[in-house]
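Protein chains: 2
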Amino acid sequence: MVIIPPMQRLTTQRQAILDLINTSNRHWDAEEVNRELSDRGQPVGIATVYRGLTALDEAGLISSVQLADRKRYERADKSHHDHMVCVECGSIEEFSHHKIEALQEAAAQEKGFELTGHQLVLFGRCAACTGVKK
Amino acid sequence: MVIIPPMQRLTTQRQAILDLINTSNRHWDAEEVNRELSDRGQPVGIATVYRGLTALDEAGLISSVQLADRKRYERADKSHHDHMVCVECGSIEEFSHHKIEALQEAAAQEKGFELTGHQLVLFGRCAACTGVKK
DNA sequence: GGTGGAATGATAACCATTATCATTACCACC
DNA sequence: GGTGGTAATGATAATGGTTATCATTCCACC
Numbered sequence: 000m001v002i003i004p005p006m007q008r009l010t011t012q013r014q015a016i017l018d019l020i021n022t023s024n025r026h027w028d029a030e031e032v033n034r035e036l037s038d039r040g041q042p043v044g045i046a047t048v049y050r051g052l053t054a055l056d057e058a059g060l061i062s063s064v065q066l067a068d069r070k071r072y073e074r075a076d077k078s079h080h081d082h083m084v085c086v087e088c089g090s091i092e093e094f095s096h097h098k099i100e101a102l103q104e105a106a107a108q109e110k111g112f113e114l115t116g117h118q119l120v121l122f123g124r125c126a127a128c129t130g131v132k133k
Numbered sequence: 000m001v002i003i004p005p006m007q008r009l010t011t012q013r014q015a016i017l018d019l020i021n022t023s024n025r026h027w028d029a030e031e032v033n034r035e036l037s038d039r040g041q042p043v044g045i046a047t048v049y050r051g052l053t054a055l056d057e058a059g060l061i062s063s064v065q066l067a068d069r070k071r072y073e074r075a076d077k078s079h080h081d082h083m084v085c086v087e088c089g090s091i092e093e094f095s096h097h098k099i100e101a102l103q104e105a106a107a108q109e110k111g112f113e114l115t116g117h118q119l120v121l122f123g124r125c126a127a128c129t130g131v132k133k
């Protein structure tokens, strides 16, 4: 239902968003991008940030993950991976397992499903948090 | 941050919610439960539905999946499974693959992660929708 | 240098969910 | 069977992330 017009121009604002994400290893949500760009002296309106993120994602220039409440964005120039989220501190780690991917494809075929994407998130306690557990 | 008090009483309203979900194979969201119970002549306030669903889920009497925007609930008396969502018609199919589960555990251990849960959703086109594709 | 479509940004609206709070239901115990 | 305390209800307001609106600005191209 949501209409996402294809990106026609890589404007200054979108370039700023793209640079921010490309030069970091973090997972950003819209609000964080908005605040960080303000801090860096090139403020971009929150609505523009949302549209920019969606457009850049659509264009394949960045990639996204839906994590619980908010959607987060990260660099696209890495190999495919999934995410582990620490339920204690909220940190996000990445992992990839080609066998899991292959099995997903198999499971889909079994059901006559034409797979277009997937989302796998593991929840748990990260190494740091299990270490300092009281 | 969200405080979920343990369920102390299985009230009439919660019993109604539980019965509705237990006697169906569907995945319900709060609004649907609210509407269906109204239609059946035993209306339950929307806030109560939300609280009831959360409490029943906490108590393990039903189970839940976070699908994109809304959270959905289903019977708990089945073996563990994950979900495939048709991006065309929205239908939800279930599948399970014990090897995928095992590999998830392996991936977590590799990172020193203490796994507490996971969520795997496959997106694609279901058999029916690929069949009638124009 | 004018014109039309794309993008911006401030702000309002949306929508699923949660909080508030007065009222009601239920339980334990006298 | 009354009574006090706690849980649950339900109408409604509030929250919070995201999207829509719309006047304005930007940019490519004739």
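If you read the protein sequences in the order shown, they are chains A and B. Reminder that position 133 of the first sequence reads as 132 in numbering that gives the first Met the number 0, one-by-one numbering, no gaps. Reminder that position 102 of the second sequence reads as 101 in numbering that gives the first Met the number 0, one-by-one numbering, no gaps. Every residue gets a Cβ at the ideal spot worked out from N, C-alpha and C, and that includes glycine. None of the values given here were measured: they were computed from a predicted structure.
Any beta carbon of chain A sitting closer than 7 angstroms to that of residue i?
i	result
glutamate 73 (chain B)	no
glutamine 108 (chain B)	no
glutamine 41 (chain B)	no
glutamine 7 (chain B)	no
glycine 116 (chain B)	yes
glutamate 87 (chain B)	no
glycine 111 (chain B)	yes
Residues in the same chain with beta-carbon distance under 7 angstroms from residue i, minus the five sequence neighbours each way, listed in chain order, please.
i	result
histidine 79 (chain B)	Ser95
arginine 74 (chain B)	Ile20, Asn21 and Ile61
proline 42 (chain A)	Leu36
Using a Cβ-Cβ distance cut-off of 7 angstroms, determine whether residue i contacts chain B.
i	result
arginine 124 (chain A)	yes
threonine 53 (chain A)	no
isoleucine 20 (chain A)	no
lysine 98 (chain A)	yes
threonine 129 (chain A)	yes
lysine 133 (chain A)	Here the model assigns lysine 133 (chain A) a pLDDT of 42, short of 50, so the residue's position is not dependable, and the following value carries that caveat. No, lysine 133 (chain A) lies away from the interface with chain B (no Cβ there is under 7 angstroms from its Cβ).
glutamate 30 (chain A)	no
glutamate 92 (chain A)	yes
Buried or exposed: residue i, going by 16 or more other Cβ atoms within 10 Å of its Cβ?
i	result
isoleucine 16 (chain B)	buried
cysteine 85 (chain A)	buried
glycine 59 (chain B)	exposed
isoleucine 45 (chain A)	exposed
Taking residue i as part of the alpha helix (DSSP H), name the residues at either end of that continuous run.
i	result
lysine 98 (chain A)	97-109
leucine 19 (chain B)	11-21
valine 32 (chain A)	29-38
Tell me, please, which residues DSSP counts as bridged to residue i.
i	result
aspartate 81 (chain A)	A:Phe94
serine 63 (chain A)	A:Tyr72
I'd like the list of long-range same chain contacts for residue i, defined as Cβ closer than 8 angstroms, with 5 residues on each side in sequence excluded.
i	result
valine 1 (chain A)	Low confidence applies to valine 1 (chain A): its pLDDT is 45, below 50, so where it sits in the model is not reliable enough to give any reading.
Taking residue i as part of the beta strand (DSSP E), name the residues at either end of that continuous run.
i	result
glycine 130 (chain B)	Taken as a continuous stretch (DSSP letters only), glycine 130 (chain B) belongs to no beta strand (DSSP E), being part of the alpha helix (DSSP H) at 126-130.
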